[in-house]
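Residue numbering for the sequence shown follows this note's numbering, starting at 4 and increasing by one per position. This report concerns only the one structure given below.
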Amino acid sequence: MGRSKIATGRVLACLAVGASLLSACSEPARVADEATRCALIIVDMQYDFTPGGSLAVEDGDQIVGLINDLQGEFDLVVATQDWHPSDHGSFASNQEGRRPGEVIQLGGVEQVLWPDHSIQGSHGAELLAELDRSRIARIFRKGTDPEIDSYSGFFDNGKRKATGLGNYLKEEGVSEVYVVGLALDYCVKFTALDAQGLGFDTTLIEDASRAVNLSPNDGIDAVQAMKDAGIQVVKGAEVLAARTQNR
Ligand SMILES: [Zn+2]
4 MGRSKIATGR VLACLAVGAS LLSACSEPAR VADEATRCAL IIVDMQYDFT PGGSLAVEDG
64 DQIVGLINDL QGEFDLVVAT QDWHPSDHGS FASNQEGRRP GEVIQLGGVE QVLWPDHSIQ
124 GSHGAELLAE LDRSRIARIF RKGTDPEIDS YSGFFDNGKR KATGLGNYLK EEGVSEVYVV
184 GLALDYCVKF TALDAQGLGF DTTLIEDASR AVNLSPNDGI DAVQAMKDAG IQVVKGAEVL
244 AARTQNR
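Structure representation (structure tokens):
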């Protein structure tokens, strides 16, 4: 309760500050120097991560409507897209005698092996048609290097290369980010952790995300890991209600 109260207060604070600056948080045209610009990061809303896809997340397609509703609350909306070459080392099919779910070393870091997914140019790699793209300013692709995976939208798993998302958000004057999408226990979690690590004030919108849950508690554990890192956790309705209140 305490946490959720704090979290609600924080959403209100962000949006209230925006309102006092003539809605810095709601007017895309506001100049970047107000330091309250809020960005929404939509992680990997792709067919392969939704029911019927090769790495399906249960009910992964059920969050699209909420994500579309939320987009209008932010100054800037960006998306990430998992985008692998077919010889990617994270695919069990590319590792002799290995099966999905097994863990190996790839690029010097631990790597869970996955079924083939998000192959460049395939239908499974496409963003869901239902996702409103009219406000998405840029899409950052990740996982393009076959030698290392990239859960985070900011860096590969060895933190060797940046995707450009961090610099882009800073150039756009963003100080605060909200993260949604798939999957909660991998790409959403690591995107949020990196955002917080880069100094963005970071919030997870919990019900606008779903976990793949290789182990049953992975989603719950991921939320706890984010809270432990100082990331706020809120519900979509709190963001939408806070906005309405400031109108
Ligand atoms: Zn992937």
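Don't be surprised by glycine CBs; every beta carbon is placed ideally from N, CA and C. As the structure is a prediction and not an experimental result, all values here were calculated from the model.
On the DSSP bridge assignment, give the partners of residue i in chain order.
i: Lys145; result: Asp85
i: Ser212; result: Gly184
i: Val106; result: Val115
i: Gly42; result: Note that residue 42 corresponds to Ala in the displayed sequence, not to Gly. Ala42 is bridged to Leu79 and Val180.
i: Glu226; result: The question names Glu, yet the displayed sequence has Val at residue 226. Note: Val226 sits in no beta bridge, so no partner.
Would residue i and residue j be called neighbours here (beta carbons separated by less than 8 Å)?
i: Leu252; j: Phe157; result: Not covered by the structure: residue 252. The range shown for the chain is 4 to 250.
i: Tyr181; j: Thr206; result: yes
i: Val177; j: Glu209; result: no
i: Leu185; j: Val60; result: yes
i: Ala245; j: Leu196; result: no
i: Leu130; j: Asp64; result: no
i: Tyr58; j: Pro118; result: Per the sequence shown, the amino acid found at residue 58 is Leu instead of Tyr. Yes, these two residues count as a Cβ contact at 8 Å.
i: Thr166; j: Lys145; result: yes
i: Val242; j: Ser212; result: no
i: Leu43; j: Glu175; result: no
i: Ile223; j: Gln199; result: no
i: Leu172; j: Phe203; result: yes
Does any CB atom of chain D fall closer than 8 Å to the CB of residue i?
i: Ser93; result: Considering every chain present, this structure includes no chain D. It has just one protein chain.
Would the segment 45-58 and the segment 80-87 be scored as touching if the rule is three or more Cβ pairs under 8 Å?
yes
Heavy atoms of ligand 1 versus C-beta positions, residues under 7 Å
Asp85, His87, Ser93, Trp117, His120, Ser121, Gly146 and Asp152
Taking the runs of the beta strand (DSSP E) that are 3 residues or longer, which of them lie wholly in the segment 123-207?
139-145 and 177-185
Three Cβ pairs or more, each shorter than 8 Å: is that satisfied between the segment 95-109 and the segment 140-148?
no
Three CB pairs or more closer than 8 Å across the segment 122-139 and the segment 150-167
no
Any 3 or more C-beta pairs closer than 8 Å across the segment 90-97 and the segment 69-77:
no
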